[in-house]
Each structure stands twice: as structure tokens, then as C-alpha cells.
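Protein chains: 2
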Amino acid sequence: MTKRLAAACLFLCASHPVIAAAEEKDDIAFIIEEGTQQSEAMVTASELLDGIGPRLTNSANMDRAQDWAIAKFAKMGLTNIHREEFEFGYGWDLVDWSATMVSPRPLRMTALPRAWSPPTNGVITGEVVVAPMSKVEHFAEWRGKLSGKMVLISMPGETSESDGPVFKRYTGEDISKKDAFKEETYDPHAWEDRLDSAEFKQKLGEFLKAEGAQAMVAMSYRDGMLVHGEGYDFRGGEILAVPAMELAQEDYRRLVRLAQTGKAPTISLSIDASFDTEDTKAANVIADIKGRDPKAGYVMAGAHFDSWFAGDGAADNGAGTIVVMEAARILTQLPKPKRTIRFALWSGEEQGLLGSRAYIERHLATRPVDTSLAPMAQFRSWGSAWPVTKKPGYDDMKAYFNMDNGGGRFRGIHAESDYGVTPLLTKWLAPFASMDADRVVAGKTGGTDHVYLQRIGLPAYQFIQDPLDYFSRVHHSNLDTLDHLRAEDLRQASVVMAGMLWQAANSDEELPRAGIPTEPKVTDPFKVADPNK
Amino acid sequence: MTKRLAAACLFLCASHPVIAAAEEKDDIAFIIEEGTQQSEAMVTASELLDGIGPRLTNSANMDRAQDWAIAKFAKMGLTNIHREEFEFGYGWDLVDWSATMVSPRPLRMTALPRAWSPPTNGVITGEVVVAPMSKVEHFAEWRGKLSGKMVLISMPGETSESDGPVFKRYTGEDISKKDAFKEETYDPHAWEDRLDSAEFKQKLGEFLKAEGAQAMVAMSYRDGMLVHGEGYDFRGGEILAVPAMELAQEDYRRLVRLAQTGKAPTISLSIDASFDTEDTKAANVIADIKGRDPKAGYVMAGAHFDSWFAGDGAADNGAGTIVVMEAARILTQLPKPKRTIRFALWSGEEQGLLGSRAYIERHLATRPVDTSLAPMAQFRSWGSAWPVTKKPGYDDMKAYFNMDNGGGRFRGIHAESDYGVTPLLTKWLAPFASMDADRVVAGKTGGTDHVYLQRIGLPAYQFIQDPLDYFSRVHHSNLDTLDHLRAEDLRQASVVMAGMLWQAANSDEELPRAGIPTEPKVTDPFKVADPNK
Numbered sequence: 001m002t003k004r005l006a007a008a009c010l011f012l013c014a015s016h017p018v019i020a021a022a023e024e025k026d027d028i029a030f031i032i033e034e035g036t037q038q039s040e041a042m043v044t045a046s047e048l049l050d051g052i053g054p055r056l057t058n059s060a061n062m063d064r065a066q067d068w069a070i071a072k073f074a075k076m077g078l079t080n081i082h083r084e085e086f087e088f089g090y091g092w093d094l095v096d097w098s099a100t101m102v103s104p105r106p107l108r109m110t111a112l113p114r115a116w117s118p119p120t121n122g123v124i125t126g127e128v129v130v131a132p133m134s135k136v137e138h139f140a141e142w143r144g145k146l147s148g149k150m151v152l153i154s155m156p157g158e159t160s161e162s163d164g165p166v167f168k169r170y171t172g173e174d175i176s177k178k179d180a181f182k183e184e185t186y187d188p189h190a191w192e193d194r195l196d197s198a199e200f201k202q203k204l205g206e207f208l209k210a211e212g213a214q215a216m217v218a219m220s221y222r223d224g225m226l227v228h229g230e231g232y233d234f235r236g237g238e239i240l241a242v243p244a245m246e247l248a249q250e251d252y253r254r255l256v257r258l259a260q261t262g263k264a265p266t267i268s269l270s271i272d273a274s275f276d277t278e279d280t281k282a283a284n285v286i287a288d289i290k291g292r293d294p295k296a297g298y299v300m301a302g303a304h305f306d307s308w309f310a311g312d313g314a315a316d317n318g319a320g321t322i323v324v325m326e327a328a329r330i331l332t333q334l335p336k337p338k339r340t341i342r343f344a345l346w347s348g349e350e351q352g353l354l355g356s357r358a359y360i361e362r363h364l365a366t367r368p369v370d371t372s373l374a375p376m377a378q379f380r381s382w383g384s385a386w387p388v389t390k391k392p393g394y395d396d397m398k399a400y401f402n403m404d405n406g407g408g409r410f411r412g413i414h415a416e417s418d419y420g421v422t423p424l425l426t427k428w429l430a431p432f433a434s435m436d437a438d439r440v441v442a443g444k445t446g447g448t449d450h451v452y453l454q455r456i457g458l459p460a461y462q463f464i465q466d467p468l469d470y471f472s473r474v475h476h477s478n479l480d481t482l483d484h485l486r487a488e489d490l491r492q493a494s495v496v497m498a499g500m501l502w503q504a505a506n507s508d509e510e511l512p513r514a515g516i517p518t519e520p521k522v523t524d525p526f527k528v529a530d531p532n533k
Numbered sequence: 001m002t003k004r005l006a007a008a009c010l011f012l013c014a015s016h017p018v019i020a021a022a023e024e025k026d027d028i029a030f031i032i033e034e035g036t037q038q039s040e041a042m043v044t045a046s047e048l049l050d051g052i053g054p055r056l057t058n059s060a061n062m063d064r065a066q067d068w069a070i071a072k073f074a075k076m077g078l079t080n081i082h083r084e085e086f087e088f089g090y091g092w093d094l095v096d097w098s099a100t101m102v103s104p105r106p107l108r109m110t111a112l113p114r115a116w117s118p119p120t121n122g123v124i125t126g127e128v129v130v131a132p133m134s135k136v137e138h139f140a141e142w143r144g145k146l147s148g149k150m151v152l153i154s155m156p157g158e159t160s161e162s163d164g165p166v167f168k169r170y171t172g173e174d175i176s177k178k179d180a181f182k183e184e185t186y187d188p189h190a191w192e193d194r195l196d197s198a199e200f201k202q203k204l205g206e207f208l209k210a211e212g213a214q215a216m217v218a219m220s221y222r223d224g225m226l227v228h229g230e231g232y233d234f235r236g237g238e239i240l241a242v243p244a245m246e247l248a249q250e251d252y253r254r255l256v257r258l259a260q261t262g263k264a265p266t267i268s269l270s271i272d273a274s275f276d277t278e279d280t281k282a283a284n285v286i287a288d289i290k291g292r293d294p295k296a297g298y299v300m301a302g303a304h305f306d307s308w309f310a311g312d313g314a315a316d317n318g319a320g321t322i323v324v325m326e327a328a329r330i331l332t333q334l335p336k337p338k339r340t341i342r343f344a345l346w347s348g349e350e351q352g353l354l355g356s357r358a359y360i361e362r363h364l365a366t367r368p369v370d371t372s373l374a375p376m377a378q379f380r381s382w383g384s385a386w387p388v389t390k391k392p393g394y395d396d397m398k399a400y401f402n403m404d405n406g407g408g409r410f411r412g413i414h415a416e417s418d419y420g421v422t423p424l425l426t427k428w429l430a431p432f433a434s435m436d437a438d439r440v441v442a443g444k445t446g447g448t449d450h451v452y453l454q455r456i457g458l459p460a461y462q463f464i465q466d467p468l469d470y471f472s473r474v475h476h477s478n479l480d481t482l483d484h485l486r487a488e489d490l491r492q493a494s495v496v497m498a499g500m501l502w503q504a505a506n507s508d509e510e511l512p513r514a515g516i517p518t519e520p521k522v523t524d525p526f527k528v529a530d531p532n533k
């Protein structure tokens, strides 16, 4: 029997489940009633998503939204409400844009500038050239041919023939598939590829600028007039080399067909965007419900408050924000918990989990930065850098619960291959079985703010959520609006989030901790990269 | 045994299938090769759909497109190429438009003016008011409250939770479900409802104008940022009473939520559209491949050339147009057929099958117009008016094949509950079994230009087509672009269309004819309408 399982058994056998259950029953019942019958989730959602809108890291709208959140926490009576700043880069604010075909016929196109694109300073007009380039070796073919052009940088395929459902809820079987133990492994080649791709995108921009191209024109990765403004995958906060516009697939392909069957079409583009070069700092928002026992540490709920900018940042991650804030509201209606309950609205998640990383560096543990690596490699390899050095605050964090998989209701939680915590998480979710939220699966889930906490051995978890239409069409697209959330899902998630926090804050037992991992340092990806790439 | 079945048996037993098959084999083989290996379908498609674009009935772009089609037919060597005009109404040309939220925050919205909306003469700005009105009795509640407002005329529901596939091809079972005999019946209440709805929409526009509203704002009937510019369902060619803008569901719902939870948002709209009040005539384009035997009559293929304006009119009905024109091109490569093969590119289909109706009135048969009915009822009841009076040309039309169900390949043909024709249609489709196009089903299919020909007892048929994503998202939306067609489907359909025309044009046997039907006259819907409606 491992140490963890022994620990798990210890409290299961030794604690007094009957009494414990009795103590918590009324509180849980209150939480369920408050969260379902007196919910304020949808009002909060409309204030933030309809009234304020998208919250790109370090944008002016993100500042407005944080002021709103801070005022909201204050009104609830939370304490220790403050911003915690970290270095990010330039803020980028999109004001307006346009994309039209001028010849062979006038046509409005569906488009969105790429984030951190420079402005065009008015309408620019030029002929398109279809110049697919996916590696540096392709530049030679186009050298001297791009001056003054609108450069379409890829060849489009055909529209999707998707026969999958747009909207989906998990079956029990879907969830069971997630209940599989898997050791975390590091693939240095994954780093390479991502870094090569990021590096290439920068080089492509620089090449287009050097060649005197007017703009880079890219195709949306989803069809159906969905646009995203994505495509850069290097660190945000840096201005792109040339104006970059993403076109809807339908509009992009039309240009390519026309260019290949006759005279190249002429298009007009405009991007009005401003940069904040003064304030290069982003910030997390932190707020507490102070606990009775200063020595008992704290439990924490978090969601990234920053969003992408194509929609209103509703499913990603307005939903998590609203659930965290509604859980806070519900819990303020209860007597003081034993442990402090901390709420974090992260920033910079979309640019690489920067907010939760900054919280770790400030409060929990440090990792060395290998200055022998290129800046981008330094940035990307941090999460695997060795050794990890505890800070005094490390032992105070007793549990962290994250929400960032769209607006879908909770179906359970990912134990992150950590069998030691399964019994206690199972016990805490049991009261929500009738809300269909009681599954604990061994599997990991990545890509959001619990990851770096997990990596340093803290009990940090992300809930299992019904997918709805999050990945099929909403994620980072112009469809990320409140319409695509579901009131009953947000209320259910708020109840479960509040219930888990409350039990974690008051439990005699603590979640067992993996402790500092002995993970290998990732070798410099550039040293092992294929030289012919 | 019915007369029709006797007739069917007659030629099946009496004709010489072996010889007939032998005669046609080489021609069919040539048609398949020419249509698959030397196809020009996609080039034609790009010229029309990418280069020219949408073709709203009697718009300037429709005129351009018809000039292109006439030149194309001439280049193929067809004869008797001409326009046949019919009275329609004003042409409407959309030049540009915009829709933005001004307060509580600046936001571009996805929108499309309703067809035949008057222009706004610049940008108009006003507060929204949510005033759901679905019957005349609702007007009283809003009288005196709409002056200067942007009037949202409905309450939105929730976004769809569609778990159906976006893209679909028929299984054999799907097609078998269509093989069911059903007598045509007339439901006068259907007329009523449609007429009431059309009448109401006109009255609503007049009410908004009388109340001094700035504009009517409607919600798209599909979510996912799809817009259509639809919503009028009365006869086209008439200018709406007030500027009318359709908003994407996501943008419409945001306005409603904001209006209902706080201060009503302010929006700005602009519609730049022009009317052609001089030329009120629309026209069909007709072209022939002249047959050897002037007494043998003609067979015909048709597709409506007019389109809706939200996209490029690709699936509806660029696809049918391209297939009819490619079939013509293929058949010009063969020696003269026995019967003339006529090609019709209809206009006014979107406004009520007006082009094919005009062809009937000019060449085939007349129906009385009941002038005691309201104009709209006269217009809508024509297809069921009694008696039908043959014209000399009635007997000359031996077969009509229509294509207008999107870009999907042919899977067979609808016999329209006419068992008499099934054996011959089955025989003619047999060579295309390996192209999966050989199913003959008894079922009817409506809503396009074969319907009025069927109603007067002529052998007029529409093919069974794979749905693809036509009805799920493309039909009349801003997604109706060439992207959503499939090259191999258009080539297959062109081959089958050409093959059916060729066999019908050269067959010793003729399709049996239902003859003039003894159908009841539809009673004046207004006399039986519920007075409380």
C-alpha cells in the first residue's frame, strides 16, 4: 500500500463520517438552495459579458472589467481584495476594422484582425497574391514578388463535412473513458514543434515586412463564417511585424479561386487598433473570505478572467469567472469557515497561464529560468524547469479548484492521476450526485491554470464539464457570447464549486499532497531540433 | 389495373429494350466520360458564383448574370436563345450596410438588411425597444411608444442545442422512406395561415411607419452568426414600409438582455440600397438544342437562376444552374437528338415560382385569376385555380427535369405519386446505378419549378439529392457560397441530367401524362379564416 493510499484510508477509517456528514448537511443544503433558488449567476453574466465584453490581457476593457469585479467582491463583503501585477507586454485595443473585395465585384467580407496586429492607419488597398509559406525555405520562391501585395499565406482545403453533433452532453460512458491512470511524460519534440512554429510565424512576419507586403491575410481554421483573430502562437504583448487580417473560410477561398482562375482580386483592409506601451503589466484579482483559524491555511477557487477578443469571452472564460464569483456570493451567506477561502481571477491565461504562474512565483515556489535559452524557450520551458524551490506559502494552500472548460455543467472532477485524493474528492462530491456531478476520474486535463500548481505537487483540480458547443464552434470564435451559455449549467456549477470549497475549508482532513516532483529538466529543444527543419 | 399502369406495361412489354439499350449505350458512355473527365462544371461555377455573385430577381446583378448565361449558351452553339419577360415589380440592389451597438459599449454586429428594405439615407441612431408583436391585437400595447425607436419585433428564445449532423448524405433507408404513395390534398387553412402571416407583416410595417419608428430589427432564424435578410413572405418587388435589418441571433439577444436588465442600448444602422422603379419586368432565359423531328415535341431541363442575396446563391440555385448548363454543354457534343432539348434558367422562383408560372401561362396552359380575392390571395391561389385551359404548346412538352435541392449529387428521382412513369424513369436511370443515382421513389417533393407543371398534369420531376449542409446552414444564408458545393457531386448530377434528357429526347416511348387534373378550387381563405386571428 502506498503512503498516499494509507493516508487516504487513514482519514476514511479514522474520521467520523456520520458526525462530519451531519455537521455539513445543513450547510450543503443551504448552498444548493441559495445557488439554485436565489442565484445571481445570470445577472452577473449579463453585466460582465453583455455590458463589458471581451477582456484581452492588459487591454483597456480588461481594466474596466477588473474594476467591476473588485467592486462586486467588495459588495459581497470579501476582504483582502487586490490586484497582483506581473510583467506582460503591450496592451492591444481593437477599435474597428473592415475587409472588402473591390474587384472583380464589391463584396463585404467577414474578417477579424489578428491580435496585436499593427493598425493600417486608414484603408489600404491592394492585389492579393496566394503565397503559401509554411517553412523558411519557402520564402525564396516569393522574394521580390510581394511588394504592395495582400499576401494570402496558405492554400485552403475544402469546407468541413462534419457529421458530428454541434451540441453535446457527456454520457456516463464518455466520462468513464476519462477514468484512466496515466503517468505524465515530457516529449521534448512537442516543445520543438511548438517553438519552431512560433519562431516561423515571427520570421514570416519579418519576411513580409522586409518584402514590403501591405498585409498578411490568413484563413480562419473553422468554416461557417466563424472568425477568431488567432494564428500567432508566440508570447502576447508583442506587436506583429505587418497588419494581419483573418478572413472567414468562405471569403478566403473565394479570393483564392478568383486569383487562380483569372485576374488577382483587389481587396481593401482597415485595422484601427491602439497599443498601450506605457503600462506593460497585467494583473490577477485576488479576494478572500477570511477563515477562523489563521494556522489552517487556505483553499482556493480560480478561473481566468482574461479572454480572447473575437466574442465576449463568455464560455472562455466568463463562465468560470461567473461560477467563481457566484460561489463566493453563496459562501458569504454562511458563517466563517475554518480555513480562508481565496478567489483568484487570473489574467494572461490565453498567453500561457501567465497569471497562475505569477501567483506561484510570488507565493508558492520558484523555478529557475535558463538564460542560456532563447527568450521564447525560456518562457515555454519554465513549467518544466528544475529545481522547484518551496516558498513559505507553499504549505498554506490546501486545495485549488479551477473552472475553464466552457459553460457546461459539472459532471465530476479530474483527479489528475492522483489516487491519493480520490476518496476525499469522492466524499465531497457525494452530496451533488443528484445534480449528476459526482464522478471522480483518474485522468488529467491540461491547458488551464491548475496545471502549474499540479506540476509543483499541490492538490489542484479542474472539473469535468459537459462540452455543449464549446469546442465545436464557440472556443475563441465570434460566437463566444452569453447565448451559448446555459443558466441551469452555471447555477449547478456554482453550487458544486461552492460546496467543494466549503467542505475543503472546513474538513478535519486535508487533501494529500504529491509534494515537489522529481521531474527531469527539459533539454534545450533547439539543440535537438532537426537542422533541416 | 389503372389506365396508367396499363400504359406503363404497354411500352415495357412492347418495346425492344435490348435494341434500345444497344442504341443508347455508346451515347450514355460518352456522356459519362465527357461529364466526368472533360467537365467544365467547376469553372462555370466559379465564373458565376465567385465572379458575378448573387442574383436577386430583377436586380442589376441578375441582368449581368443573364448576359453571361446567354453568352455561354451561344458559345456552346445552342439556338433560340432568348429572354422571356414577365411582370415582377421593383428591382432592389443592396450597395452596403452597417449595424453597430453604440451604448453601453461600441460593438460591430453581424447583420443583413431585409430584401426590399428602403435605404436609411446615411447612418441612423436610436434606442432599441423590445416590442414583440405577432398579431394586430398587439399593436395597441405599443402605440405611442415607438417614435424614433429601433424596434426589436420579437422575443428571442435560447440558441439551438442541435445534436444533428451539419453535413449529411442519404442512406438507402433514408431514400426508401421517400418511396410512399400519397394523394395530393389541399388544406385551405395552410393558405390562411400563410396569407395571415404575410398580411400581418405588411400591417406591422405600416404600423411602425405610422408610429414614427426609425427601423424594424428582426432576429435571424438560425444561430451561429448566420444571417439571411429574410422575413418578408409576401410578393417580392414591393418596397417595405420602414428600413428593416436582420441581426445575428447572438447580437439580437445581447440587445434584448441589455434592454431588459438596464438602460436600453443605442444602436446605429445604415442601409444603402437602390430601387429600379423603371423596369418592373423579370425574365427567364431559354435556349434550345434543336431536334431532328419538328413534330416530336421537346424535353426540358430547368433550374431557377435567380437566387437569394445573403450569399452568392451557390447551393440555391447556382448548383442547378451549373448542372443544367453543363448538361447542355455535354449534349452539344452529341449528334442532333430526335426531340428538341430545351433549357430554362428561371427567374422569380424565390418569390413564388413566378418564372415557371410565366412559362406555363405563355406556352402551356392558363388558369383563371379570381379577381374577387385580395391581390395576395389572387397571387397565392393561382396554382390551384380552376379550370385549367390547354394551350397548343401543352402537348409538345414531353418531359421536364428540375434541379433545386442544393449541391448534393443525384440519388434518383421523385415520381410525384405517379406510378405510370416509374417504369420508364427506372429504365432511364439504370445506366447510372454505379453512380448511385438510380432510385425512383413515389413521393412528391415541392417548393420548386416543377410543381406548377405537375399541377397541370405534365411529366415534370425533381431529382433526389444528398442534403449535404444545405438545410442545416446554407439555404438562403451568408454561407451560400461555392465552398459548400462539391465538385464531384456537380459532375455526377450533370452526367445524370444529360443522360436523362438524352434518353427522353430520343426514346420511342413518351412518359405517360396525368393530363389536366380535376382538382377542387381552393375556397377564398379569408372567408373561412378565424375572425379572432
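These protein sequence lines map, in sequence, to chains A and B. So the first sequence is numbered by full-length UniProt numbering: it starts at 1 and just counts up by one. So the second sequence is numbered by full-length UniProt numbering: it starts at 1 and just counts up by one. Glycine included, each C-beta is placed from N, C-alpha and C at the ideal position. All values reported here derive from a predicted model rather than from experimental measurement.
Inset, instruction - Under 7 Å between beta-carbons, which chain B residues line up against residue 481 of chain A? List them in chain order, please. - result: 250, 254
Inset, instruction - Evaluate contact between the region 471-491 of chain A and the region 389-397 of chain A, counting only Cβ atoms and requiring at least three cross-stretch pairs below 8 Å. - result: no
Inset, instruction - Can you give me, in chain order, the residues of the region 200-224 of chain A that have a beta carbon less than 9 Å from any beta carbon in chain B? - result: 223, 224
Inset, instruction - Kindly say whether residue 168 of chain A, judged by its beta-carbon, lies nearer than 9 Å to any beta-carbon of chain B. - result: yes
Legend entry - Beta-ladder partner(s) of residue 510 of chain A, from DSSP: DSSP output for residue 510 of chain A lists no bridge partner at all.
Inset, instruction - For the beta strand (DSSP E) containing residue 346 of chain B, list its first residue and its last residue. - result: 340-346
Inset, instruction - Check whether the Cβ of residue 524 of chain B lies closer than 9 Å to any Cβ atom in chain A. - result: Confidence at residue 524 of chain B is low in this model, with a pLDDT of 35, below 50, so the placement of that residue should be treated as unreliable; the coordinate-derived value is given next. False, the Cβ-Cβ gap to chain A never drops below 9 Å.
Legend entry - Start and end residues, alpha helix (DSSP H) containing residue 180 of chain B: Note, residue 180 of chain B: premise wrong, no alpha helix (DSSP H); not H, not E.
Inset, instruction - Return the residues of the region 258-286 of chain A that lie within a Cβ-Cβ distance of less than 8 Å from chain B, sorted by chain order. - result: 258, 261, 262
Legend entry - Where residue 159 of chain A meets chain B, residues with beta-carbon distance less than 7 Å: 483, 484
Inset, instruction - Just tell me which of B/405, B/382, B/500, B/469 has its CA closest to the CA of residue 429 of chain B. - result: B/500
Inset, instruction - Report all residues from its chain with a CB closer than 6 Å to the CB of residue 506 of chain A; omit the five preceding and five following residues, and keep chain order. - result: 337, 338
Inset, instruction - Could you check if residue 402 of chain B is buried or exposed, using at least 16 other CB atoms within 10 Å of its CB as the buried criterion? - result: buried
Legend entry - Neighbouring residues, chain A, relative to residue 43 of chain B (Cβ below 9 Å): 261
Legend entry - Pair within 9 Å by beta-carbon distance, residue 540 of chain B and residue 282 of chain B: Chain B is shown from 1 up to 533; residue 540 of chain B falls before or after that span and cannot be answered.
Legend entry - Supposed contact pair residue 243 of chain A and residue 210 of chain A - C-beta distance, whole angstroms, cut 8 Å: Not a contact, Cβ separation roughly 15 Å.
Inset, instruction - Rounded to whole angstroms, what's the CA-CA distance from residue 30 of chain B to residue 279 of chain B? Just pull it up for me. - result: 44 Å
Inset, instruction - Would you check if the region 97-111 of chain A and the region 252-270 of chain A touch, i.e. whether three or more CB-CB distances between them fall below 8 Å? - result: yes
Legend entry - beta strand (DSSP E) segment containing residue 273 of chain B, residue limits: 266-276
Legend entry - Within 9 Å, strictly: CB atoms of residue 398 of chain A and residue 79 of chain A: no
Legend entry - C-alpha distance - residue 302 of chain A paired with residue 46 of chain B, whole-angstrom precision: 51 Å
Inset, instruction - Compare the C-beta of residue 429 of chain B against all C-beta atoms of chain A and say whether one is closer than 9 Å. - result: no
Legend entry - Beta-carbon proximity check, residue 543 of chain B vs residue 133 of chain B, cutoff 9 Å: Since the first and last residues shown for chain B are 1 and 533, residue 543 of chain B lies out of range.
Inset, instruction - Could you check what DSSP says for residue 211 of chain B in three-state terms: helix, strand or coil? - result: coil
Legend entry - Below-9 Å beta-carbon distance, residue 117 of chain B vs any chain A residue: no
Legend entry - Alpha-carbon to alpha-carbon, residue 177 of chain A and residue 462 of chain A: 16 Å
Inset, instruction - Would you mind reading off the limits of the alpha helix (DSSP H) that contains residue 152 of chain A? - result: First-last for residue 152 of chain A: 150-152, but that is the beta strand (DSSP E), not the alpha helix (DSSP H).
Legend entry - Distance cut-off 8 Å: residue 47 of chain A Cβ against heavy atoms of the ligand GTP: No copy of the ligand GTP occurs in the structure displayed, which carries no ligand at all.
Legend entry - Range covered by the alpha helix (DSSP H) that runs through residue 89 of chain A: Looking at the DSSP string, residue 89 of chain A is not in any alpha helix (DSSP H), and its letter there is neither H nor E.
Legend entry - Boundaries (first-last residue) of the beta strand (DSSP E) holding residue 247 of chain A: 244-247
Legend entry - Inter-residue Cα distance where the pair is residue 458 of chain B and residue 84 of chain B: 21 Å
Legend entry - Buried versus exposed call for residue 88 of chain A [16 or more other C-beta atoms within 10 Å across all chains shown]: buried
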